[in-house]
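Working notes for the structure below.
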Amino acid sequence: MYTWCGHLPETRLFLSLFLDFYSQMAIIEDLDDKSPTSPIVSAESDQALPTPVPTEQVPATNDQKNQEQDQQDSPVPSSRRTPADDDDAMYFYDAAESVEDLVAKANEFKTQGNQHFGRAEYRQALRCYQDANAVYPAPVSSASDDNEEGNEDETKDDAVKVAAAPKNDSMDQRSVFAANMAACYLKMDQPKDAKRQCDIALEHAPMYSKARLRRAQANERIATSAALSDALKDYQWLLDQHQKNTLILDASTLRTCQYATRTLPPRIDTLMEQEKAEMIGKLKDLGNTVLGKFGLSTDNFQFQKDPSTGNYSMNFVNNP
Numbered sequence: 003m004y005t006w007c008g009h010l011p012e013t014r015l016f017l018s019l020f021l022d023f024y025s026q027m028a029i030i031e032d033l034d035d036k037s038p039t040s041p042i043v044s045a046e047s048d049q050a051l052p053t054p055v056p057t058e059q060v061p062a063t064n065d066q067k068n069q070e071q072d073q074q075d076s077p078v079p080s081s082r083r084t085p086a087d088d089d090d091a092m093y094f095y096d097a098a099e100s101v102e103d104l105v106a107k108a109n110e111f112k113t114q115g116n117q118h119f120g121r122a123e124y125r126q127a128l129r130c131y132q133d134a135n136a137v138y139p140a141p142v143s144s145a146s147d148d149n150e151e152g153n154e155d156e157t158k159d160d161a162v163k164v165a166a167a168p169k170n171d172s173m174d175q176r177s178v179f180a181a182n183m184a185a186c187y188l189k190m191d192q193p194k195d196a197k198r199q200c201d202i203a204l205e206h207a208p209m210y211s212k213a214r215l216r217r218a219q220a221n222e223r224i225a226t227s228a229a230l231s232d233a234l235k236d237y238q239w240l241l242d243q244h245q246k247n248t249l250i251l252d253a254s255t256l257r258t259c260q261y262a263t264r265t266l267p268p269r270i271d272t273l274m275e276q277e278k279a280e281m282i283g284k285l286k287d288l289g290n291t292v293l294g295k296f297g298l299s300t301d302n303f304q305f306q307k308d309p310s311t312g313n314y315s316m317n318f319v320n321n322p
């Protein structure tokens, strides 16, 4: 019977398929018997691997503790700068700091800056004035006061807040810091930065004569016709306010303003003519580049001014 069945091709095929199916079922049963909570067994041994023991935290050494204490006691301003880290950026302060502490820190940095400036250390002085501007609290308007009273409970829960400067300041100290930074920039021959700081100072205190004078001096060093025109306006404004007794200028500042109002107008006219000639020359070069493709140039077009009307007429010339 076995011999007869073994010679049938169908029987051999059936037996082969049955054995394959049986082996697959055995593998599946073996996998089902393994529980997810069973211990992990290594490939080389049947024993369960030991559970890893968490390591204890190593206590900080004395050097690390001293380094952390030095960082806490460092004289770096306690303000937190925003990504726009420049002279006139917005700054945030620790809620635990009082307004008096912030003002005292700002005045300390300002005093250090004045000492550096007196020793002609203008870059160090600039950094001190920037630090003073960073820690000095911003004044709060009446509208924001009402808003703070309505959100008093929310303010107490905040981790950081913007501190409020004293309202009885006769001069906004931010204007003083900006004007001092402008003086440093002038000494370092950076008139554009000086002008920018003077604009900030005058935005907070429009009657600040030192900031207006330094802005005029910065525009003089920029030395374009537009900048000289702005400088002339500032010099003239100072003289007008002095004549109205709104501002009292010292003798040196008064002489500077009077001299500038006399000498700047002809300089402005000369620069305007030079800039106009340069502009016309650039336009002419551009025109020649385009007309040259057609065998022409700007010399083929001549303009004549009518003295009676002031109008211009254009004539085309074949051979200029």
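3 is the number of the first residue of the sequence shown in my numbering; add one for each residue after it. Glycine is no exception: its CB is placed at the ideal position from the N, C-alpha and C atoms.
Item to check | Alpha carbon of residue 192 to alpha carbon of residue 220, nearest angstrom | outcome: 8 Å
Checklist entry - With DSSP run on the structure shown, which of helix, strand or coil describes residue 149? => result Residue confidence is low: residue 149 scores 45 on pLDDT, short of 50, so the model does not pin down where it sits. No coordinate-derived value is stated.
Checklist entry - If you draw a straight line from the alpha carbon of residue 237 to that of residue 225, how long is it in whole angstroms? => result 15 Å
Checklist entry - Could you give the C-beta distance for residue 203 and residue 234, rounded to a whole number, given that I count them as a contact under 8 Å? => result 20 Å between Cβ atoms; not a contact.
Checklist entry - Taking contact to mean at least 3 C-beta pairs separated by less than 8 Å, is the segment 305-318 in contact with the segment 258-276? => result no
Next on the checklist: Taking DSSP's pairing of strands, which residues face residue 317 in a bridge?
Outcome noted: 304
Checklist entry - If you pair each beta-carbon of the segment 180-194 with each one of the segment 124-138, do three or more pairs fall below 8 Å? => result yes
Item to check | Neighbour-count burial assignment, residue 276, 16 or more Cβ in a 10 Å radius | outcome: exposed
Checklist entry - How far does the alpha helix (DSSP H) with residue 221 in it reach, from first residue to last? => result 211-224
Checklist entry - Where residue 214 and residue 227 are concerned, what is the direct C-alpha to C-alpha distance, given to the nearest angstrom? => result 18 Å
Item to check | Secondary structure of residue 249, DSSP reduced to three states | outcome: coil
Checklist entry - On the three-state DSSP scale, how would you describe residue 360? => result Outside the shown range of the chain (3 to 322) lies residue 360, about which nothing can therefore be said.
Next on the checklist: Here's the rule: buried if 16 or more other CB atoms are within 10 angstroms of the residue's CB, otherwise exposed. What is residue 315?
Outcome noted: exposed
Checklist entry - If you draw a straight line from the alpha carbon of residue 301 to that of residue 318, how long is it in whole angstroms? => result 9 Å
Checklist entry - Which residues bound the alpha helix (DSSP H) around residue 195? => result 193-206
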